[in-house]
Structures are given as structure tokens and as C-alpha cells.
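Peer 1: Taken in order, these protein sequences are the chains called E and U.
Residue 203 in my numbering sits at position 1 of the first sequence, and the numbers go up by one each step.
Residue 105 in my numbering sits at position 97 of the second sequence, and the numbers go up by one each step.
For glycine and all other residues, C-beta sits at the position ideal for the given N, C-alpha and C.
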Amino acid sequence: GAVVSQHPSWVICKSGTSVKIECRSLDFQATTMFWYRQFPKQSLMLMATSNEGSKATYEQGVEKDKFLINHASLTLSTLTVTSAHPEDSSFYICSARKTGNLEKLFFGSGTQLSVL
Amino acid sequence: GENVEQHPSTLSVQEGDSAVIKCTYSDSASNYFPWYKQELGKRPQLIIDIRSNVGEKKDQRIAVTLNKTAKHFSLHITETQPEDSAVYFCAASRGQAGTALIFGKGTTLSVSS
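#1: Which first and last residues belong to the beta strand (DSSP E) in which Glu-64 (chain U) is found?
#2: For Asp-267 (chain E), I'd like the list of residues in its chain whose CB is within less than 8 Å of its CB, leaving aside the five on either flank, ordered along the chain.
#3: Give me, in chain order, the residues of the same chain whose beta-carbon lies closer than 6 Å to that of Ile-214 (chain E); leave out the 5 immediate sequence neighbours on both sides.
#4: For Pro-90 (chain U), name the three-state secondary structure that DSSP assigns.
#5: I'd like to check one pair, Leu-276 (chain E) with Thr-251 (chain E): are the Cβ atoms closer than 8 Å?
#6: For Ala-298 (chain E) and Ser-227 (chain E), which I take to be in contact (beta-carbon distance under 8 Å), what is that distance rounded to the nearest angstrom?
#7: Let me confirm a value: Ala-258 (chain E) is counted as buried when at least 16 other C-beta atoms fall within 10 Å, else exposed. Which label applies?
#8: Does Phe-269 (chain E) come within less than 8 Å of chain U when only Cβ atoms are used?
#9: Express the C-alpha separation of Asp-57 (chain U) and His-84 (chain U) in angstroms, rounding to a whole number.
#10: Looking only at its own chain, which residues have a Cβ that is under 8 Å from the Cβ of Gln-208 (chain E), when we skip the five neighbours before and after it?
#11: Please confirm if Phe-81 (chain U) has its CB atom under 8 Å from at least one CB of chain E.
#12: Considering only residues of the same chain and omitting the five flanking positions on each side of Met-235 (chain E), which have a CB-CB separation below 7 Å?
#13: Determine the contact status of Ser-93 (chain U) and Leu-117 (chain U), defining contact as a CB-CB distance below 8 Å.
#14: Measuring alpha carbon to alpha carbon, tell me which residue in E:Ala-232, E:Thr-233, E:Ala-286 and E:Gln-262 is nearest Thr-219 (chain E).
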């Protein structure tokens, strides 16, 4: 199989605080992971590409200092939303590709972030 | 930049009818085109995919066709069932496979019995 675990599944935080979201590939190694953001009833918007052992590549318009990505191992990438504000409230979902498999993406279960 | 257009945004069919969802892409270097099904509150699940060297692929009631010249691809679901009701997303690889996927805006399919 190809299981991607994402935690937490939901989080409520106060404005100005930071939130860390973890994405783990449980049964495979993932050199590359991707972070997407999804607003209600909308599409998945690519935020950044996370590469193990190197800096993430951010999409245009995504603030790298606000959305910190760390991919320290072949099975774990983290997204930290720093100084969160209500407009950061969204569904964040990670995906991973098996090392050596250039195609199929497997998605985590997503994290619903609500910033009060 | 690259863009993926998806139509229609909503689609309602009767059980047993066929459903067709169409997508177009802008990046001529794209060569991998997956389709995902997302049920409410759940993660997207890959249902079928196609590479640019193939024109059509079928898996039971689901088929995908690709016209690389016209840069469009379509999802065909035959003999629809209520459990097919979900949001369907098409995607195209940014450039060659191995890079990020760019998603269409999604189609909400409702199958009534």
C-alpha cells in the first residue's frame, strides 16, 4: 500500500499563534512531498514542493516565512503556519510520491485549521 | 503559468446514466493526467490516470481519454450509481511526470436513484 498520515486532523488556535502540521509516509519513502490548500468547495491549490534535505520550493504568492516547511527525513514533512490569522483558516492537505515513482501522488487525510 | 480548466462545475444524472467531465490544460510539456475522487471531508483518492503516450484507458465503469494535440482529456463514468456522488478533480503534471500536479476546480457529481 501507500499510506500517508497527516496530523492533526483538525486544530483550532488563537490568532497570532503558530500551528505545526505533520505529514508522514507510513510504508514508503517519499523524496518529494507537496502541500496543498483547499478552501470550501474549491480546488486544491499548490502551496509548495517539499524536498527531503533541501529547501522547499514555494508557489508564487505563498509566503515562505509564514508557511515554514521542513522535510528532514524521507518519511516526514512538516508545515508550520506561523502567526496564524483568521484568513489562514483552511483545509491543508499534504501528498507524497514514492521515491522512484514519478507519477502517482498519495494524499494525507488533511488538516482543518480554524484560527479564531 | 500552467492552468487546468474543468467543466462542468456541477453535474446531476440519474442512476444508470453516463457522466462525462472534461478538462483542458495549458502546459504542452504535461505528460501525466490523473483523476481524483473526493468525498466530503475526506482525502482525494486516485481513481484513474493516463500518460501522454496513451489515448484511452479503461477500468471497469471508468474511462479516460486524452487528446494531446488539443490538450484536453475527459473522464467517462458509465452506469452511474449513487455512491459515485462526489467531487471529481482532474489534474495535469507541471511539465513531465515527477513534478507537482496542477488541479482543475472540480466537478460535483450527484447521482440520484
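Peer 2: With the given structure in hand:
#1: Looking at the DSSP string, the run of the beta strand (DSSP E) that includes Glu-64 (chain U) is 64 to 67.
#2: Excluding sequence neighbours, Asp-267 (chain E) sits near Thr-284.
#3: Ser-316, listed in sequence order.
#4: If DSSP states are grouped into helix, strand and coil, Pro-90 (chain U) belongs with the helices.
#5: The answer is no: Cβ separation not under 8 Å.
#6: Yes, they are in contact, since the Cβ atoms of Ala-298 (chain E) and Ser-227 (chain E) sit about 5 Å apart, within 8 Å.
#7: Ala-258 (chain E) counts as buried, since at least 16 other C-beta atoms from the protein chains shown sit within 10 angstroms of its C-beta.
#8: It does not: the Cβ of Phe-269 (chain E) has no partner Cβ on chain U nearer than 8 Å.
#9: So the two alpha carbons sit approximately 12 Å from each other.
#10: If we look at Gln-208 (chain E) and ignore the five residues flanking it on each side, its Cβ neighbours are Ile-223, Glu-224, Cys-225, Arg-226, Ile-295, Cys-296, Gly-310, Ser-311, Gly-312 and Thr-313.
#11: Interface criterion not met: the Cβ of Phe-81 (chain U) is under 8 Å from no Cβ in chain E.
#12: Excluding sequence neighbours, Met-235 (chain E) sits near Cys-225, Ser-252, His-273, Ser-279, Cys-296, Ser-297 and Ala-298.
#13: Contact: yes.
#14: Comparing Cα positions, the closest option is E:Ala-286.
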